[in-house]
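Enquirer:
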Amino acid sequence: GQQLNQSPQSMFIQEGEDVSMNCTSSSIFNTWLWYKQDPGEGPVLLIALYKAGELTSNGRLTAQFGITRKDSFLNISASIPSDVGIYFCAGHGQGGSEKLVFGKGTKLTVNP
Amino acid sequence: DSGVTQTPKHLITATGQRVTLRCSPRSGDLSVYWYQQSLDQGLQFLIQYYNGEERAKGNILERFSAQQFPDLHSELNLSSLELGDSALYFCASSGPNRVTEAFFGQGTRLTVV
């Protein structure tokens, strides 16, 4: 089945540092979505990508849809304490599949 | 506020029991997804409905079932509950196009004792 491999599993950084995390798949995805989840809350959509090569920003967040359609990355610049949480990549695969598949998440800790 | 409403927020029940979780999608959204998230785990896709019809199925146990009603709200039924079913259950909805952004509700925390 379609699977998303997300890395790293966790990150510990200092406030002000930039962060990069990525997601890869062995199969092609038609969309890539990045979510952030705070403890006990539902995931919140950060960025949606629909075209191969697309680079999209949302404030300090930037995400790209890989040219091969098998990967995506999310960058956070100048991290702040409220960036703490779990970041998930997700995507819709090919072949008419409407299943929205999630990676296992990257847990981000920001030290003030 | 994502516009997706899930009830109840918390549910505590005994093993062997049956519960129903409810989801109201965002206005205008036709797709509803259900996910299970166990402690410190990722989001496991259970099932998806589009305009009342089942569209995709994930690792949903036979003890679990779901449906989407004509008014587009959805219910997830969990029966013969086991301790391992304790988890956060999320509903998400997405718009008229089948493949688009999905917005999540706050979840229902189910505790089976």
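Chains as they are written, first to last, in this note's numbering: chain A, 47 to 158; chain E, 1106 to 1218. We put the beta carbon where it would ideally sit given N, CA and C, even for glycine.
Apart from the five residues on each side of it in sequence, which residues of its chain come closer than 7 Å, Cβ to Cβ, to Val-130(A)?
Expert: Contacts found: Leu-154, Thr-155, Val-156.
Enquirer: Hey, does Lys-145(A) have any beta-carbon neighbour from chain E nearer than 8 Å?
Expert: Interface residue, yes.
Enquirer: What is the C-beta distance between Gln-52(A) and Thr-114(A), in whole angstroms, given that I count them as a contact (C-beta under 8 Å)?
Expert: Not confirmed; about 17 Å, so no contact.
Enquirer: Cα-Cα, which of Glu-1159(E), Phe-1195(E), Ile-1117(E) is closest to Gly-86(A)?
Expert: Comparing Cα positions, the closest option is Phe-1195(E).
Enquirer: Hey, Leu-1188(E) and Thr-1120(E) are a contact pair by Cβ (cut 8 Å); roughly how many whole angstroms apart?
Expert: 6 Å between Cβ atoms; contact.
Enquirer: At a Cβ cut of 8 Å, what residues of the region 121 to 138 of chain A count as close to chain E, listed as they run along the chain?
Expert: Within the region 121 to 138 of chain A, the qualifying residues are Phe-134, Ala-136, His-138.
Enquirer: Taking only three categories from DSSP, how would you classify Ser-118(A)?
Expert: Correct three-state label for Ser-118(A): strand.
Enquirer: Would Phe-148(A) and Ala-136(A) qualify as a contact pair, given that the criterion is a beta-carbon distance under 8 Å?
Expert: Yes, these two residues count as a Cβ contact at 8 Å.
Enquirer: On the criterion of 16 or more Cβ atoms from any shown chain inside 10 Å, does His-138(A) qualify as buried, or is it exposed?
Expert: Buried: at least 16 other Cβ atoms inside 10 Å.
Enquirer: Within 10 angstroms of its Cβ, does Ile-1152(E) collect 16 or more other Cβ (buried), or is it exposed?
Expert: Classification for Ile-1152(E): buried.
Enquirer: Kindly list the residues whose CB is nearer than 8 Å to the CB of Asn-1164(E), restricted to its own chain and excluding five residues on each side of it in sequence; keep chain order.
Expert: Same-chain partners within the cutoff: Gln-1149, Phe-1150, Leu-1151.
Enquirer: Is the shortest distance between the beta-carbon of Ala-1207(E) and the beta-carbons of chain A less than 8 Å?
Expert: Yes, Ala-1207(E) lies at the interface with chain A (some Cβ there is under 8 Å from its Cβ).
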